[in-house]
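Number of protein chains: 2
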Amino acid sequence: MALDPVLATIDRDLDQSIERLFALLRIPSISTDPAYRGECRKAADWLAHELAALGFNADVRATKGHPMVVAHGGPKDRGPHVLFYGHYDVQPPDPLELWETPPFEPRLVGSNGNRRIVARGVADDKGQLMTFVEACRAFIAAEGKLPLRVTILLEGEEETGSPSLPPFLDAHKEELAADVALVCDTDMWDANTPAVTTMLRGLVLEEVIVEGADRDLHSGLFGGAAINPIRVLARILAGIHDENGRIAIPGFYDGAGELDPEIRAQWRALDFNESRFLGDLGLKVPAGEAGRSVLEQIWARPTCDANGIIGGYTGAGSKTVIPARASAKLSFRLVGQQDPMAVREGFRAFVRARLPADCKAEFLSHGASPALQLPLSSPYLAKTRKALEAEWERAPVLKGSGGSIPIVGSFKRDLGMDSLLVGFGVDDDRIHSPNEKYDLASFHKGARSWARILAALAGRN
Amino acid sequence: MALDPVLATIDRDLDQSIERLFALLRIPSISTDPAYRGECRKAADWLAHELAALGFNADVRATKGHPMVVAHGGPKDRGPHVLFYGHYDVQPPDPLELWETPPFEPRLVGSNGNRRIVARGVADDKGQLMTFVEACRAFIAAEGKLPLRVTILLEGEEETGSPSLPPFLDAHKEELAADVALVCDTDMWDANTPAVTTMLRGLVLEEVIVEGADRDLHSGLFGGAAINPIRVLARILAGIHDENGRIAIPGFYDGAGELDPEIRAQWRALDFNESRFLGDLGLKVPAGEAGRSVLEQIWARPTCDANGIIGGYTGAGSKTVIPARASAKLSFRLVGQQDPMAVREGFRAFVRARLPADCKAEFLSHGASPALQLPLSSPYLAKTRKALEAEWERAPVLKGSGGSIPIVGSFKRDLGMDSLLVGFGVDDDRIHSPNEKYDLASFHKGARSWARILAALAGRN
């Protein structure tokens, strides 16, 4: 069966597709902030309602955190059975004052080939997941049904380390196990070149709280005698990296390994402009491990970054205080076979070894997941590459991603499934930053790409 | 003339004195926060009204910041002319959740010899300044007039480095220049032993903002390549102190000098319990320069403390961000002849020398003042020591203070006056901390002490 009517439906329906996406973007589903719990529920309800309207057997399932949306559709006897995964939660929009327009009032801006949608969560991940929903809609409109069996799983805790996902997968193994997972939370190589992401860094999220005196002290009356937790915390953080940008925590690199020589050669052949990549951020010099390319630094090397720090008086003016505590939030990115639990324990031991007399440290874990690699021999990968090449008229790049998608690890570990990571974001989407955007071309051709991939996986063409 | 009727008036009037102090404590005159500007004005108005009711020629004078209260009283032909200085502004009360009762709802708690008043600002400095006002009130009630010429100057910017004071003193030199200044913002040696403070540390307040990329970045997509300002700031702060607790900023100790051997001997003879001093804070080990006593560390050695630090995401949960900026507020305590401007420039140069490629630093100054020392030969000091001994039945200790009182420097530099630093606070008053208190004995015997000092300075007894 020719795919043209399906693709034509996507083209014709584009304006309404955008309106539907806008409706989802208007819901501030910020998962990390308890104040937005109701909005997360609202986003889940909206999605379940949309999918049910397309004929999916769709519902919203409660968890200890934010709910899951699960939807089943397509002919049960037509394989392979695919499990599509996306997330409806978004990052907090702060700092709010840097947004040119309100983050939850989506707009279509620009003209001609440079049209884009601006809103928090449009690239990460609402716009991306809607490309798949719109592809399904087009099949149903043009052919009356999906070309193969499709299960859709949408979560609301991706930005907070997905705490409810592992128990949910464990409790619904039979329902959710499919032949292959389709995951949309990734980027293209550039605005004209699609990509399949085959390497994902892992993630360990730690918070450390250093405590000194039992209360805040006057820095004049006690300064010189009383330990200052900010000074202690600064010294600990300053010791994490050595002069060459390597992480000095003992055992940290265990299992990190080195890049496959074939992949290294492929990446070297890519037209990657380090100066432009950094220049787009207002930077000039790569800040990571000395002697590594930028692509290696962000895709294939482990890191540690402080994501936040706070202690003492931070309001206007000054306050001459020695605070009782100071804290920092850190994220470690992992590669290869690095063990998240070993990294966490290594960090905690590193901190404890550097605590002076009279200081205590408390730790909070905000999540941990290993790095992942898709086997290049996967039969689904070959079909996906062909489908993407047909849409974009360029062979897709097989790339890495510095970001972490813990679900891919759970799919592999708990459900025995590989994941095809295909997304249509681009480098300058400003995800997690003010003025996040998603190109209209990403949204439109993304939906067309999924239509082609679903057809290809179903054995058509 | 016998002083007994004046002292008896103070004793009899104590309950009303407490009520008057409570009225002042209920005004949240937080000078560092622009939101409390009106409350600072209210505190100034309240004080001017009280002093006018006592017969002072009192008024509120506008400045670019918070207003001054200036009041003149007593016989113009009876010397010496004394200038009493205090401040009506207070520190912010945060962290609010650690207060057992609301900071601006004063309470009298405890029983017998352990009664105390709890409220923000009660020890620093509202309770202290009211001891002097109550002593004046008692003279007027018992004798119909003050025993000597008194000028009172109360400011509202002491907690923010007194930016308006130097121009105000400069503009009112003739009106304010007296024979000696009386400054009440200091402590006793202990709850039973009075003290005159003869050494004050100076203060330099600096804020540094380190900036990296031109926006917040996703720590997965950019971590490893993009510089992290928290890491840079931590490294700078960690480098300020060496392994022995000495400050590593080049030239920092220029002019700091060493303690006078006589003073050192006097301090050694004091019954100072280092373990108890630290134990009261929940600490065990002095954190300052190795090889110095705690008294020397807090009274006679310079320090650097971070008073606050902030950067990146500091809300609930986690956010995988590399922030665009991180900042810290620092205070330097100075001794001897250290030059505040040189310390400031030394710090800024130290920071700039440690900035990696792609990072910028901005600096904000929140004030600067040198250290001060009262000549031990002052004739007013001898009379004051005698008066204090009469009230407390113990000879006062001549001590240092780690805190800074910039006004004392201005009095010396601009008006050619020495200052007698006499206050009735004690170590555990928790100034600048939650649950600040002032002993009822400090308040009551403090007022009696000022009555005795005023009489002694006037040549009575």
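Chains as they are written, first to last, in this note's numbering: chain L, 1 to 461; chain C, 1001 to 1461. All residues carry an ideal CB built from backbone N, CA and C; glycine is no exception.
Proximity winner among the options, relative to residue i (alpha-carbon distances)
| i | options | result |
| --- | --- | --- |
| Phe1168 of chain C | C:Glu1206, C:Ala1062, C:Leu1457 | C:Ala1062 |
| Asp1033 of chain C | C:Tyr1085, C:Ala1053, C:Asp1094 | C:Asp1094 |
| Lys412 of chain L | L:Arg20, L:Leu374, L:Gly113 | L:Leu374 |
| Gly1315 of chain C | L:Ala328, L:Arg448, L:Gly409 | L:Ala328 |
| Phe424 of chain L | L:Pro103, L:Gln128, L:Glu19, L:Pro261 | L:Gln128 |
| Ala1463 of chain C | C:Pro1434, C:Asn1057, C:Pro1379 | No answer is possible for residue 1463 of chain C: the residues shown for chain C start at 1001 and end at 1461. |
| Ile240 of chain L | C:Asn1244, C:Ser1029, C:Ala1234, C:Asp1242 | C:Ala1234 |
| Asp11 of chain L | L:Ala135, L:Gly79, L:Cys40 | L:Ala135 |
| Pro379 of chain L | L:Ala456, L:Trp450, L:Leu355 | L:Ala456 |
| Ala1306 of chain C | L:Ala382, L:Asp45, L:Gly223, L:Ser162 | L:Gly223 |
| Asp45 of chain L | L:Val60, L:Gly55, L:Ala35 | L:Val60 |
| Asp1418 of chain C | C:Ala1368, C:Leu1372, C:Ala1357 | C:Leu1372 |
| Trp99 of chain L | L:Ala119, L:Gly86, L:Ala53 | L:Ala119 |
| Ala1290 of chain C | C:Trp1299, C:Pro1302, C:Ile1298, C:Gly1245 | C:Gly1245 |
| Asp1358 of chain C | C:Leu1381, C:Ala1226, C:Pro1166, C:Ala1035 | C:Ala1226 |
| Ser1464 of chain C | C:Glu1243, C:Cys1184, C:Ala1353 | Residue 1464 of chain C lies beyond the range of chain C shown here (1001 to 1461); nothing can be said about it. |
| Glu159 of chain L | L:Cys40, L:Ile249, L:Asn112, L:Ile263 | L:Cys40 |
| Ser162 of chain L | L:Val422, L:Ala390, L:Ser404, L:Phe443 | L:Ser404 |
| Glu1274 of chain C | C:Lys1064, C:Gln1297, C:Gln1016 | C:Gln1297 |
| Gly1065 of chain C | C:His1049, C:Ala1382, C:Leu1165, C:Ile1407 | C:Leu1165 |
| Ala1142 of chain C | C:Thr1009, C:Val1232, C:Pro1261, C:Arg1078 | C:Thr1009 |
| Lys91 of chain L | L:Val343, L:Lys42, L:Ala382, L:Ser29 | Looking at the sequence shown, residue 91 of chain L is not Lys but Gln. Ranking L:Val343, L:Lys42, L:Ala382, L:Ser29 by Cα distance to Gln91 of chain L puts L:Ser29 first. |
| Phe1252 of chain C | C:Val1321, C:Ala1349, C:Ala1326, C:Ala1269 | C:Ala1349 |
| Glu1436 of chain C | C:Thr1101, C:Ile1263, C:Leu1295 | C:Thr1101 |
| Ala35 of chain L | C:Leu1355, C:Gly1317, C:Val1196 | C:Gly1317 |
Beta-carbon gap between residue i and residue j smaller than 8 Å
| i | j | result |
| --- | --- | --- |
| Gly1156 of chain C | Tyr1088 of chain C | yes |
| Lys173 of chain L | Pro75 of chain L | no |
| Leu14 of chain L | Leu454 of chain L | no |
| Leu1021 of chain C | Met1130 of chain C | yes |
| Leu1083 of chain C | Ala1178 of chain C | yes |
| Leu388 of chain L | Ala181 of chain L | no |
| Lys319 of chain L | Gly1308 of chain C | yes |
| Arg460 of chain L | Met1 of chain L | yes |
| Arg137 of chain L | Leu7 of chain L | no |
| Leu1221 of chain C | Gly402 of chain L | yes |
| Arg276 of chain L | Gly288 of chain L | no |
| Ala48 of chain L | Glu211 of chain L | no |
| Asp439 of chain L | Val426 of chain L | yes |
| Glu207 of chain L | His444 of chain L | no |
In DSSP terms, what residue i is bridged to
| i | result |
| --- | --- |
| Asn57 of chain L | L:His72 |
| Met1199 of chain C | C:Gln1373, C:Gly1400 |
| Asp1439 of chain C | C:Arg1116 |
| Val150 of chain L | L:Gly73, L:Val82 |
| Leu1364 of chain C | C:Glu1207 |
| Phe1332 of chain C | C:Val1204, C:Cys1304 |
| His218 of chain L | L:Val321 |
| Glu1155 of chain C | C:His1087 |
| Ser449 of chain L | Answer by DSSP bridge pairing: none, since Ser449 of chain L is not bridged. |
| Asn1169 of chain C | Note that residue 1169 of chain C corresponds to Leu in the displayed sequence, not to Asn. Per DSSP, none; premise fails for Leu1169 of chain C. |
- Message: Contact between the segment 1315-1335 of chain C and the segment 1197-1205 of chain C is defined here as three or more beta-carbon pairs at a separation below 8 Å; is this criterion met?
- Response: The count of Cβ pairs closer than 8 Å, one atom from the segment 1315-1335 of chain C and one from the segment 1197-1205 of chain C, reaches three, so the stretches are in contact.
- the segment 1312-1338 of chain C: positions lying closer than 7 Å to chain L by Cβ: Listed by position, the residues of the segment 1312-1338 of chain C near chain L (Cβ gap below 7 Å) are Gly1312, Tyr1313, Thr1314, Gly1315, Ala1316, Gly1317, Ser1318, Lys1319, Thr1320, Val1321, Ile1322, Ala1326, Lys1329, Ser1331, Arg1333.
- Message: Could you check whether the segment 213-231 of chain L touches the segment 270-289 of chain L, counting it as contact only if at least three pairs of C-beta atoms, one from each stretch, sit closer than 8 Å?
- Response: Output reads no: the segment 270-289 of chain L does not touch the segment 213-231 of chain L.
- Validate contact between the segment 20-27 of chain L and the segment 96-109 of chain L using beta carbons, cut 8 Å, 3 pairs: Flag = yes, the segment 20-27 of chain L and the segment 96-109 of chain L touch.
- With 7 Å as the C-beta to C-beta threshold (strictly closer), list the residues of the segment 25-59 of chain L near chain C in chain order. Near chain C, meaning a CB-to-CB distance below 7 Å, the residues of the segment 25-59 of chain L are Thr32, Asp33, Pro34.
- Quick one: any contact between the segment 1423-1442 of chain C and the segment 1112-1124 of chain C, if contact means 3 or more CB pairs under 8 Å? Cβ pair count under 8 Å is three or more, so yes.
- Counting Cβ pairs, one atom from each stretch, are 3 or more of them under 8 Å apart for the segment 1251-1268 of chain C and the segment 1337-1350 of chain C? The segment 1251-1268 of chain C vs the segment 1337-1350 of chain C: in contact.
- Message: For the structure I just gave you, are there three or more beta carbon pairs, one from the segment 1172-1191 of chain C and one from the segment 1392-1411 of chain C, closer than 8 Å?
- Response: Touching, yes.
- According to a CB-to-CB cut-off of less than 8 Å, which residues of the segment 5-17 of chain L neighbour chain C? Per Cβ criterion, the list is empty.
- Contact set between the segment 1204-1224 of chain C and chain L, restricted to residues whose Cβ is under 8 Å from the partner: Hits within the stretch, in order: Leu1205, Glu1207, Gly1212, Ala1213, Asp1214, Arg1215, Asp1216, Leu1217, His1218, Ser1219, Gly1220, Leu1221, Phe1222, Gly1223, Gly1224.
- Item | Members of the segment 432-450 of chain L that neighbour chain C once the beta carbon cut-off is set at 9 Å | Residues of the segment 432-450 of chain L with a C-beta atom less than 9 Å from some C-beta of chain C are His432, Ser433, Pro434, Asn435, listed in chain order.
- Item | Selection of the segment 1386-1417 of chain C by Cβ proximity to chain L, strictly under 8 Å | Hits within the stretch, in order: Ser1401, Gly1402, Gly1403, Ser1404.
- Which of the residues in the segment 280-312 of chain L, read from start to end, lie with their CB under 7 Å from any CB of chain C? Here the close residues are Leu281, Gly282, Leu283, Lys284, Val285, Pro286, Ala287, Gly288, Val294, Gln297, Ile298, Arg301, Thr303, Asp305, Ala306, Asn307, Gly308, Ile309, Ile310, Gly311, Gly312.
- Message: Taking beta-carbon pairs under 8 Å, can you tell me which members of the segment 1347-1380 of chain C lie near chain L?
- Response: Identification of residues in the segment 1347-1380 of chain C having a C-beta nearer than 8 Å to some C-beta of chain L yields Pro1356, Ala1357, Asp1358, His1366, Gly1367, given in sequence order.
- Message: If the cut-off is 8 Å on Cβ atoms, which residues from the segment 1260-1280 of chain C count as contacting chain L, listed in chain order?
- Response: Cβ contacts with chain L: Phe1277, Leu1278.
- Message: Against chain C, which members of the segment 236-262 of chain L pass a CB distance test of less than 9 Å?
- Response: Contacts with chain C (Cβ-Cβ distance below 9 Å) from the segment 236-262 of chain L involve Ile236, Leu237, Ala238, Gly239, Ile240, His241, Gly245, listed in chain order.
- Name, going along the chain, the residues of the segment 63-95 of chain L whose beta-carbon falls closer than 7 Å to a beta-carbon of chain C. The segment 63-95 of chain L vs chain C, Cβ under 7 Å: Gln91, Pro92.
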